[in-house]
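Below is one structure, written out as structure tokens, with a few remarks after it.
Numbering (the working numbering), first residue to last: 202 to 629.
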């Protein structure tokens, strides 16, 4: 009859209107999420707003949003809404639906038209979908999980609901990846700034050769990384004496730089308290022994005291192989090690050696990072290359010697991994 047709038509209009309203809400939700992700840099703040909007549109009583924490290798709850909402925590139960969804990369839930395994028998008002990131090239990664629980209407989630939630999860996945890249970039910028500051401070600890007026001296330190463990020190000692120290911590990078700074600070005190190189090294060993044991490092160190007025050189050498004196008469002499490196030598170690010092003599101290850069597979070739370069520039003085050494190192193609490079050259 006409009345029945009118009623059927009215019902079709109602259903169509309802479906149209649902589609409008879905489109509006996706648009709203895009705006939120584009305008909010804080991930937790964005996740909370998105989850609330999703629960509102899909009629869920509560929900949670989990993000995979790669460094910790666990799922971290960053947003939770509804009557059972809790503060953010780490890791769902290993056998939970959330964990299974993350591991299997597929949604779990129940409802009309669902072919997946339900979370409980029959139709379900719970649904969990994986948050995935699809890179332009490469394999899709699962980066989190969205859970929705309960519907006041008791209607189960439908296939349409699952598809909408999966589309939302894809948006969130891209945002999570962008956020991760942003955070990594910010962390790298902070680290770079901090390392630049550390390098600047480390270089400030070194004595300026230009400000040292008791001898013609040149020195340079080039860390293998932004900071390193090589150092040198110049001391103006009483009675016109000159103290020259070089050290090489058995590593490079930030840990070695900390040992380097501690060594220089302690040496600045002890060198002025005792005129004896061996005693200075004994006190320095006592100050460093705890840190060296904890970090499992050692330090090769040579400390030379020159008395130009008495024509004498005294030194104590804790396992530093590259210490030489080039005499004005054309001969040269290695200042051999008197003891093992600090970290191996005991508190009763650190003897002294003496030798002549004449005007025109040249003291040359360098670390193995410099000689290794110039080395070939032939044993001892690196040190020999350094010594040959020194001999060729002796008449031109310390500055020319250091310049040539580092020019050679800069142009070399080392077959040994890079290490900190340091040289100190002094002439009276």
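Beta carbons are placed, not taken as given, at the ideal position from N, Cα and C, and that holds for glycine.
The structure displayed is predicted, hence computed values, not measured ones.
Going straight from the alpha carbon of residue 274 to that of residue 398, what length do you get?
-> Along the chain shown, read from residue 1 onward, the residue named residue 274 stands at position 73. Along the chain shown, read from residue 1 onward, the residue named residue 398 stands at position 197. Distance between the alpha carbons of residue 274 and residue 398: 32 Å.
Which residues does DSSP pair with residue 517 in a beta bridge?
-> For the purposes of this step, residue 517 is taken as the residue at position 316 of the chain shown. For residue 517, which the question treats as bridged, DSSP gives the partners 504.
Are residue 501 and residue 521 close, meaning C-beta to C-beta below 8 Å?
-> Your numbering for residue 501 matches position 300 in the chain shown. Your numbering for residue 521 matches position 320 in the chain shown. Yes; because the gap between Cβ atoms is below 8 Å, this pair is in contact.
In chain order, which continuous runs of the beta strand (DSSP E) of length 3 or greater are located wholly inside the segment 552-609?
-> 554-557 and 563-567
CA-CA distance, residue 579 and residue 607?
-> On the chain shown, position 378 is the one that residue 579 refers to. On the chain shown, position 406 is the one that residue 607 refers to. The straight-line gap from Cα to Cα measures roughly 21 Å.
For residue 279, which of helix, strand or coil comes out of DSSP?
-> By 1-based counting over the chain shown, the position of residue 279 is 78. Strand, per DSSP.
Which residues does DSSP pair with residue 350 in a beta bridge?
-> As a first step, residue 350 is located in the chain shown; it is residue number 149 there, counting from the start. 263 and 327.
Would you decide whether residue 305 is buried or exposed? Buried here means 16 or more other CB atoms lie within 10 Å of its CB.
-> Here the question's residue 305 lines up with position 104 in the chain shown. Residue 305 comes out exposed.
With DSSP collapsed to three states, give me the class of residue 442.
-> Within the chain shown, the letter at position 241 stands for residue 442. Three-state DSSP puts residue 442 in coil, outside helix and strand.
For residue 310, name the three-state secondary structure that DSSP assigns.
-> Indexing the chain shown from 1 puts residue 310 at position 109. Strand.
Cβ neighbours of residue 552 in the same chain (closer than 7 Å, five flanking residues each side left out) | Indexing the chain shown from 1 puts residue 552 at position 351. Around residue 552: 479, 517, 539 and 540.
Hey, how far is the Cα of residue 337 from the Cα of residue 587?
-> Here residue 337 refers to the residue found at position 136 when the chain shown is read from its first residue. Here residue 587 refers to the residue found at position 386 when the chain shown is read from its first residue. Their Cα atoms are separated by approximately 51 Å.
State the start and end residues of the unbroken beta strand (DSSP E) segment that holds residue 435.
-> Here residue 435 refers to the residue found at position 234 when the chain shown is read from its first residue. It spans 431-437 - the beta strand (DSSP E) in which residue 435 sits, taken as one unbroken run.
Does DSSP put residue 342 in a helix, a strand or coil?
-> Working through the chain shown from its first residue, we reach residue 342 at position 141. Strand at residue 342.
In the structure shown, what three-state DSSP assignment does residue 527 receive?
-> Numbered from 1 along the chain shown, position 326 holds the residue referred to as residue 527. Residue 527 falls in the strand class under three-state DSSP.
With DSSP run on the structure shown, which of helix, strand or coil describes residue 333?
-> The count along the chain shown starts at 1 and reaches residue 333 at position 132. Residue 333: strand per DSSP, three-state reduction.
Could you have a look at residue 417 and say whether DSSP puts it in helix, strand or coil?
-> Indexing the chain shown from 1 puts residue 417 at position 216. In the structure shown, residue 417 sits in a strand (DSSP, three-state: E or B).
With burial defined as no fewer than 16 other Cβ atoms inside 10 Å of the residue's Cβ, what is the status of residue 627: buried or exposed?
-> As a first step, residue 627 is located in the chain shown; it is residue number 426 there, counting from the start. Residue 627 is buried by the Cβ-count criterion.
Skipping 5 residues on each side, what residues in its chain have a beta carbon closer than 6 Å to that of residue 594?
-> Position 393 of the chain shown holds residue 594. Excluding residues within five positions, the ones whose Cβ falls inside 6 Å are 601, 602 and 605.
How big is the Cα-Cα spacing for residue 623 and residue 294?
-> Within the chain shown, numbered from 1, the residue matching residue 623 stands at position 422. Within the chain shown, numbered from 1, the residue matching residue 294 stands at position 93. Residue 623 and residue 294: Cα-Cα distance of roughly 55 Å.
Under a three-way DSSP split, which group does residue 322 fall into?
-> On the chain shown, position 121 is the one that residue 322 refers to. Its pLDDT being 40, under 50, residue 322 is placed unreliably in this model, and the coordinates cannot settle the point.
Classify residue 392 as buried or exposed, calling it buried when 16 or more other Cβ atoms lie within 10 Å of its own Cβ.
-> Locating residue 392 in the chain shown gives position 191, counting from the first residue. Label assigned to residue 392: exposed.
Work out the CA separation of residue 272 and residue 363 for me, nearest whole Å.
-> Counting from 1 along the chain shown, the entry for residue 363 is found at position 162. Counting from 1 along the chain shown, the entry for residue 272 is found at position 71. Distance between the alpha carbons of residue 363 and residue 272 is about 30 Å.
Rounded Cβ spacing between residue 377 and residue 345 (contact assumed at less than 8 Å) | As a first step, residue 377 must be located in the chain shown, where it is residue number 176. As a first step, residue 345 must be located in the chain shown, where it is residue number 144. Sure, about 6 Å apart at Cβ, within 8 Å.
Looking at the unbroken beta strand (DSSP E) that takes in residue 409, where does it start and where does it end?
-> Taking the first residue of the chain shown as position 1, residue 409 is located at position 208. Counting along the chain, residue 409 falls outside any beta strand (DSSP E), and DSSP gives it neither H nor E.
From residue 300 to residue 385, what distance separates their C-alpha atoms?
-> Sequence index remark: in the chain shown, residue 300 carries index 99 (1-based). Sequence index remark: in the chain shown, residue 385 carries index 184 (1-based). One C-alpha to the other measures close to 26 Å.
Could you please give me the residues that DSSP links to residue 623 through a beta bridge?
-> Position 422 of the chain shown, counted from the first residue, corresponds to residue 623. Answer by DSSP bridge pairing, in chain order: 422.
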